[in-house]
Structure formats: structure tokens, C-alpha cells
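Residue numbers (our numbering): 1 to 110.
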């Protein structure tokens, strides 16, 4: 449900840059798993594609990090439109009912 793929509740498409900045302010995860960026200042590590030579301060990062691999503009994205369209799909409707049946407590009469 949190991933926005069940058709229940709201469609959620998370912005990975925003999530990274909020949940890994110091870039600990990035520095551990992407050692090529480990010497980059934590305040600017979340978006290596916007780094200037001054930001890099003599560090060199691989070319692959100089361009984002996804667009983070999800407001009118095809992803969001596709997810909303799936809510009308009969399979998704049935799957939503099945999931709700499993995860939602039935009201009991007192």
C-alpha cells in the first residue's frame, strides 16, 4: 500500500532525493554504498549531478553520477498517470478487496 501499487488509498510516488535528504541528512548510506561519492560534502551529496568543480573541491566522481538516472518531477509524470489508471482495472479492484480483507479488522457488534 505504501508503494502505491494496491489501488487502496492514495497514489504515492516518492521523490528519492527528498527522501534521501530527509532520512539520511549526513549521507551516511550514500557514502557507505557509493564510495565514489564518499568525499563529497554531506550537504550536497544527494544530487551529484548538480555539483560544480568548486563543489567537488578537487574530487573526481565517475561520469555516471553527473546526470540523474530518473526524473524527480512526478507531479504530472507518466508514472503517476499510469498508477491512477490502474485503479480502474478489474484485477486491481479485486486485489484491493483481497488485501483489505486480510489487513483490515472487521467491525464487531457490541
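Here a beta-carbon is modelled for each residue, glycine too, at the ideal position from N, C-alpha and C.
Computed from a prediction, not measured in an experiment: that's the story for all the values here.
Cβ-Cβ distance between residue 45 and residue 37 below 8 Å: Counted from its first residue, the chain shown places residue 45 at position 45. Counted from its first residue, the chain shown places residue 37 at position 37. Their beta carbons are under 8 Å apart, which means residue 45 touches residue 37 by this criterion.
Residue 92 beta carbon less than 8 Å from that of residue 13: If you number the chain shown from 1, residue 13 lands on position 13. If you number the chain shown from 1, residue 92 lands on position 92. No, Cβ-Cβ distance for residue 13 and residue 92 is not below 8 Å.
Residue 33: first and last residue of the uninterrupted alpha helix (DSSP H) it sits in: Stepping through the chain shown from its first residue, residue 33 is reached at position 33. Its alpha helix (DSSP H) spans residues 28-33.
For residue 23, the three-state DSSP class (helix, strand or coil): Numbered from 1 along the chain shown, position 23 holds the residue referred to as residue 23. In the structure shown, residue 23 sits in a helix (DSSP, three-state: H, G or I).
Where the alpha helix (DSSP H) through residue 53 begins and ends: Locating residue 53 in the chain shown gives position 53, counting from the first residue. First-last of the alpha helix (DSSP H) with residue 53: 53-56.
C-alpha gap between residue 99 and residue 68, whole angstroms: Taking the first residue of the chain shown as 1, we reach residue 99 at position 99. Taking the first residue of the chain shown as 1, we reach residue 68 at position 68. So the alpha carbons of these two residues sit roughly 35 Å apart.
Residue 27 classed as buried or exposed, judged by whether at least 16 other C-beta atoms fall within 10 angstroms: Locating residue 27 in the chain shown gives position 27, where the first residue counts as 1. Buried, because 16 or more other Cβ atoms sit within 10 Å of the Cβ of residue 27.
Contact test: residue 43 Cβ vs the ligand ZN heavy atom, cutoff 7 Å: The ligand ZN is absent from the structure shown, which contains no ligands of any kind.
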